[in-house]
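A.B. asks:
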């Protein structure tokens, strides 16, 4: 029993150290950017040794990968929660999901980490893979459900997801630089509404 408790304590301590490193790195990447952040700074901010950092992560790139994956997961959760709270139609769920996305991207430093440093540091191919498994996955699911219910036109799902994801990213970037979020939401709502399946004239 004592051995089991000891093992559990060690595991909890390990998880706490990893979480502290990710949290510290996230704050530094958001404030200074990837290039200006060093591993000694991350370790110092987390309150751990450099040896502890390298026990969990091979290098700064690995830390950044962990940070950005958590950011994408947080955004995906916000999109899903917003879509689930939408009344009625699949189009409404997509529109609420777009609001959830922009709201999630308002989190300080998130645009810098995901949309500016992300592509430059990880490369678009790896970033697309993370996006595909998280926030783009939430969008793909919403679009698939809307097509299945015949609320939007049947279109190539991967192409549609990619193009709408790019549109949402550009909106988030523009809003972070001072554009009106309300204006961007109005345009996004109109685009999603335009996808609605229309009945041919009788």
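Residue numbers (our numbering): 172 to 373. Even for Gly, the Cβ is constructed at its ideal location relative to N, Cα and C.
May I ask which residues mark the beginning and end of the alpha helix (DSSP H) holding residue 284?
C.D. replies: Taken as a continuous stretch (DSSP letters only), residue 284 belongs to no alpha helix (DSSP H), as it is neither H nor E.
A.B. asks: Suppose the cutoff is 7 Å on Cβ atoms and the five residues either side in sequence are ignored; what does the same chain contact list for residue 270 look like?
C.D. replies: So the qualifying residues of the chain are 253 and 356.
A.B. asks: Runs of 4 residues minimum, wholly inside the region 234 to 300: which ones carry the alpha helix (DSSP H) assignment?
C.D. replies: Counting whole runs of 4 or more residues, the region 234 to 300 contains the alpha helix (DSSP H) stretches 261 to 276 and 289 to 293.
A.B. asks: Measuring straight from C-alpha to C-alpha, what distance separates residue 308 and residue 257?
C.D. replies: Answer to the nearest angstrom: the Cα atoms are 18 Å apart.
A.B. asks: Please say whether residue 322 and residue 367 have beta carbons closer to each other than 9 Å?
C.D. replies: In contact: residue 367 and residue 322 (Cβ atoms closer than 9 Å).
A.B. asks: How big is the Cα-Cα spacing for residue 235 and residue 201?
C.D. replies: So the alpha carbons of these two residues sit roughly 11 Å apart.
A.B. asks: Let me know the secondary structure DSSP gives residue 196 once reduced to three states.
C.D. replies: Residue 196 falls in the helix class under three-state DSSP.
A.B. asks: Express the C-alpha separation of residue 218 and residue 358 in angstroms, rounding to a whole number.
C.D. replies: Rounded to whole angstroms, residue 358 to residue 218 spans 45 Å at the Cα level.
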